[in-house]
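Heads up, the thing below is written out as structure tokens.
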Amino acid sequence: MSLLPDNERILLGPGPSLTSPRVMRAMASPTVSHLDPLMTRLLDDVRARLQRCFRAADGSFAFAVSGTGTAGMETAVANLIREGTRATVVVTGYFGDRLAQMCERYGAVVSRVEVEWGRACDPDALRRHLEATPADIVAMVHAETSTGVLNPVADLARIARAQHALTIVDAVTSFGGHPLDVGGWGIDACYSCTQKCLGAPSGLAPVVFGPRALERRVKCRSFYFDLALLEDYWLRRKYHHTMSSTLVYALDEALAIVEEEGLEARWARHERNHRTLIETLKEIGLGVLPREGERLWTLNAVRVPGGVDEAGVRKHLLDEFNIEIGSGLGPLAGKIWRIGLMGASSSPRLIVLLGGALQRALSCVTRAS
Ligand SMILES: Cc1ncc(COP(=O)(O)O)c(C=O)c1O
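In terms of the working numbering, the sequence shown has 271 at position 244, counting the first letter as 1, and numbering is strictly consecutive.
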């Protein structure tokens with residue numbers, strides 16, 4: 028008996044999202060080695076595409092790390108933080124907390140700007156915090172996947188820069204779905220993943236270091252995430268590790284699709300579909316946690332109505348409709364569902380399907396309990 032899935036799960040959770048058919052076809056191409064001349068050309072193409080899609084400043088180094096979004100986070104932290112670095116971390120949920128933990132592991136003296144889960148960070152709160160507690164690094168999550176909240180990164184990065192701090196931005200749930208302008212907003216290091224708004228499977232983490240970050244890098248304690256060694260591989264073709272050609276095909280094709288659609292058009296599609304989902308939810312009596320203006324378009328934190336079996340509804344959607352949605356994390360466990368509309372999963376057709384399925388699930392699960 029094969030354990031492989033025999034039909035496509037409709038992935039509407041916090042990630043992974045659906046993989047575009049073109050990306051699936053790209054991954055079926057023959058394997059080449061990590062130093063093959065063809066691979067070299069692909070790596071150059073990926074670098075150029077990432078540079079454009081991140082809107083990185085001239086003199087930046089954009090590339091992809093082997094691993095998931097967390098590997099991107101670790102690459103940014105491991106190359107900018109050493110023992111005693113003063114790091115201010117904006118914590119608006121689970122992934123802000125992960126970022127703070129990561130900074131601590133690399134020896135930073137961390138001070139947190141703690142924000143109530145479900146709210147975005149007020150730029151004035153960061154300004155006041157930095158005036159009282161100066162920092163070398165300010166780290167923040169753009170799209171907080173645990174709460175469905177968008178942080179005002181352009182403003183937060185401006186404040187950090189005015190205090191001479193470098194910024195690290197987690198764009199795992201925003202890159203390719205929300206406006207992001209690494210160069211224009213003065214972000215120094217930014218990372219993402221492949222399995223959310225880009226529409227490829229997980230396995231690579233796009234990362235970009237701007238010119239100031241490249242200058243102020245520290246001696247990296249990690250071998251695998253060492254920027255200098257990764258530059259040697261990406262720029263000077265020196266062996267570092269056996270990078271997967273299959274995943275590079277996937278990322279290159281996913282970025283080609285993003286550029287063909289156009290960044291602005293893609294952001295607009297994510298916004299439009301998010302608004303349609305909010306209307307659909309309203310029609311069936313469901314609301315979302317974040318307030319208007321702080322909501323992600325890519326990840327919707329939907330309040331579970333009182334008396335409803337949260338896990339039962341998810342199980343019903345999966346068993347009866349082959350649809351995956353996510354549960355809440357930490358203090359929001361049992362209180363929200365997380366519905367992702369990212370990349371190829373951000374589509375009006377899937378919203379109609381989900382709306383109908385959710386209605387059925389709510390009535391069946393409520394009736395049964
Ligand atoms: C905002 C954010 N940061 C980091 C991560 C970690 O990414 P990964 O699970 O790909 O390692 C996630 C995963 O969902 C995320 O949503």
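Glycine is no exception: its CB is placed at the ideal position from the N, C-alpha and C atoms. Quick caveat: nothing in here was measured; it's all calculated off a predicted structure.
Status (buried if at least 16 other CB within 10 Å, exposed otherwise) for residue i
i: Q128; result: exposed
i: R296; result: buried
i: E101; result: buried
i: G289; result: exposed
i: R318; result: exposed
i: K309; result: exposed
i: R52; result: exposed
i: D163; result: buried
i: A55; result: exposed
i: R76; result: buried
i: L39; result: buried
i: F250; result: exposed
i: G111; result: exposed
i: L30; result: exposed
i: D215; result: buried
i: N106; result: buried
i: G314; result: exposed
i: N34; result: exposed
i: A159; result: exposed
i: R36; result: exposed
i: G99; result: buried
Spatial neighbours of residue i in its chain, beta-carbon cut-off 7 Å, leaving aside the 5 residues before and after
i: V285; result: C80, G203, L225, R293
i: V137; result: A114, V116, A127, C130, E131
i: I363; result: L316, A328, V329, R330, V331, G355
i: A384; result: L344, F348, I350
i: C391; result: H343
i: A181; result: W212
i: W261; result: L70, R74, F90
i: I352; result: L39, G40, R341, L344, W364, R365, I366
i: A152; result: V140
Rounded distance between the beta-carbons of residue j and residue i, thought under 8 Å
i: V117; j: D124; result: Not a contact, Cβ separation roughly 11 Å.
i: T303; j: P206; result: With a Cβ gap of about 19 Å, T303 and P206 do not count as contacting.
i: R109; j: V234; result: With a Cβ gap of about 19 Å, R109 and V234 do not count as contacting.
i: R417; j: P41; result: A question about residue 417 goes unanswered here, because the residues of the chain that appear run from 28 up to 396.
i: C247; j: L254; result: 6 Å
i: P161; j: L183; result: Between L183 and P161 the Cβ distance is about 16 Å, and since that is not below 8 Å, they are no contact.
i: A147; j: V176; result: 5 Å
i: G237; j: A84; result: 5 Å
i: S298; j: W324; result: Reading the sequence as shown, one finds Glu at residue 298 and not Ser. With 8 Å as the limit, E298 and W324 qualify as a contact, their Cβ atoms being about 5 Å apart.
i: S272; j: M28; result: Between M28 and S272 the Cβ distance is about 31 Å, and since that is not below 8 Å, they are no contact.
Proximal residues to residue i (C-beta, below 6 Å), its chain only, five neighbours per side dropped
i: L380; result: none
i: Q190; result: L157
i: V142; result: T119, C148
Close beta carbons around residue i, own chain, < 8 Å, minus the five adjacent residues each side
i: F122; result: V168, E171, T172, S173, D197, V199
i: V73; result: F90, A91, V275, L278, D279, L282
i: I378; result: N300, T303, L304, T307, L368
i: L257; result: F90, V92, T102, H267
heavy atom of ligand 2 below 7 Å from residue i C-beta
i: E288; result: Only ligand 1 can be found as ligands here, which leaves ligand 2 out of the picture.
Chain C contact for residue i (CB, 8 Å cutoff)
i: G210; result: No chain C appears in this structure, which consists of one protein chain only.
Legend entry - Exercise answer, beta-carbon shell around ligand 1 heavy atoms below 7 Å: P41, G42, T95, G96, T97, A98, M100, F122, R125, V168, A170, E171, T172, D197, V199, T200, C220, Q222, S229
Legend entry - Cβ contact check for the region 87–98 and the region 228–236: 3 or more pairs under 8 Å: The region 87–98, when compared against the region 228–236, does touch it at the 8 Å Cβ threshold.
Legend entry - Stretch pair the region 333–351 + the region 214–223: three plus CB contacts closer than 8 Å: no
Inset, instruction - Would you check if the region 42–49 and the region 356–373 touch, i.e. whether three or more CB-CB distances between them fall below 8 Å? - result: yes
Legend entry - Three or more C-beta pairs below 8 Å linking the region 260–268 and the region 48–67: yes
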